[in-house]
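Undergrad: Mind looking over this structure? Questions follow.
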Amino acid sequence: MFKNKKYIKFNQPKSSHDVQDSGNFDDFFVEVTDKMPRKSAQILKSSYSKLKNQAEKTLEKTGDKFDHSFDSILKNLDAEKRSQCHKVIHSATLMAAIVTLSPIPLTDSAMLVPIQVVMMSRLHKIFGATWREGMAWSIAKETFLLAFVREIPGNLMKIIPFFGTAAGSVANVTVSVLITETLGWVTVNMLNNGEDIFSDKKAVNKQVKNLLSVMAVATNLKTKK
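FYI, in full-length UniProt numbering the residues of the sequence shown are 1 to 225.
Laid out in structure tokens, this is it:
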């Protein structure tokens with residue numbers, strides 16, 4: 001269904017140009033859609049401008065809810081790397097919002113996986129860490145399953161003609177962005193501490209779940225204990 005499984009050793013970025021490329025959203029969009037099923041990718045490409053505009057407006061309304069929520073795990077991250085990582089994670093959350101607002105039914109969570117894989121790939125590149133794409137797909141799949149139950153009501157609304165797609169999609173945007181951003185900063189935290197996220201998926205899931213609980217307070221979402 002998706003294209004994956006690569007093993008790469010990234011080198012440290014050699015210039016600010018490399019960093020700018022890693023944060024370029026158009027490049028991010030192309031890389032993600034290349035990993036999606038062709039039909040889904042075509043839907044996103046054909047409505048790119050409209051969906052991007054909608055997503056940006058939605059993020060403007062919800063973005064401040066996430067401010068400083070990750071500060072506790074980023075104390076030892078230098079300002080330059082934090083800026084680089086922020087660009088990558090912002091691209092990922094914007095892409096997550098675009099997918100969630102799209103008319104692709106019942107696939108919001110599945111479509112988050114390639115977004116998160118590309119995000120994790122670029123974060124590994126920033127830190128010059130070894131990249132294992134097959135393992136990344138597994139981690140991303142487990143991450144969205146942590147919160148999948150919260151997507152069910154919205155997805156059901158998508159398949160009821162009376163509601164159309166907008167109601168279900170808008171209801172899920174915050175969840176999609178929350179999951180993606182949390183995984184992004186957990187990845188950054190572990191890489192910054194010299195940890196191999198692929199050697200202990202349980203540690204990744206534990207950090208994601210803990211942060212989701214913290215973020216839920218700011219976004220009025222409920223998480224399972």
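The beta carbon of each residue, even a glycine, is placed where N, CA and C say it ideally should be. Predicted, not measured: the structure shown is a model, and the values here were computed from it.
(1) Which parts of the stretch 72-152 are runs of the beta strand (DSSP E), unbroken and 3 residues or longer, counting only runs that do not cross its ends?
(2) Would you call Thr174 buried or exposed, if buried means 16 or more other Cβ atoms sit within 10 Å of its Cβ?
(3) Taking 8 Å as the threshold (C-beta atoms), are Ile104 and Met111 in contact?
(4) Ala92 and Thr33: beta carbons closer than 8 Å?
(5) May I ask which residues mark the beginning and end of the alpha helix (DSSP H) holding Ser46?
(6) Do the CB positions of Val99 and Lys141 come within less than 8 Å of each other?
(7) Could you give the DSSP three-state label for Asn155: helix, strand or coil?
(8) Please determine if the stretch 183-190 and the stretch 201-212 are in contact, where contact requires at least 3 C-beta pairs separated by less than 8 Å.
(9) So the alpha helix (DSSP H) Asp26 belongs to, where does it begin and stop?
TA: Reading from the atomic positions:
(1) The stretch 72-152 is shown to contain whole beta strand (DSSP E) runs of 3 or more residues at 130-132, in chain order.
(2) In the sequence shown, counting from the first residue as 1, residue 174 sits at position 174. Thr174 should be labelled buried.
(3) By 1-based counting over the sequence shown, the position of residue 111 is 111. By 1-based counting over the sequence shown, the position of residue 104 is 104. Result yes, Cβ atoms of Met111 and Ile104 sit closer than 8 Å.
(4) Working through the sequence shown from its first residue, we reach residue 92 at position 92. Working through the sequence shown from its first residue, we reach residue 33 at position 33. Against a cut-off of 8 Å, the Cβ pair of Thr33 and Ala92 comes out as no contact.
(5) As a position in the sequence shown, residue 46 is number 46, starting the count at 1. 38-46 is the extent of the alpha helix (DSSP H) around Ser46.
(6) Taking the sequence shown and counting its residues from 1, one reaches residue 99 at position 99. Taking the sequence shown and counting its residues from 1, one reaches residue 141 at position 141. No, these two residues do not count as a Cβ contact at 8 Å.
(7) For this step, residue 155 is matched to residue 155 along the sequence shown. Summary for Asn155: the model assigns pLDDT 46, below 50, so the residue's position carries little reliability; its value from the coordinates is reported in the next sentence. Reduced to three states, the DSSP call for Asn155 is helix.
(8) With a cut-off of 8 Å, the stretch 201-212 and the stretch 183-190 count as touching, because enough Cβ pairs lie within range.
(9) Indexing the sequence shown from 1 puts residue 26 at position 26. In the DSSP annotation of this structure, the continuous segment of the alpha helix (DSSP H) that includes Asp26 starts and ends at 25-33.
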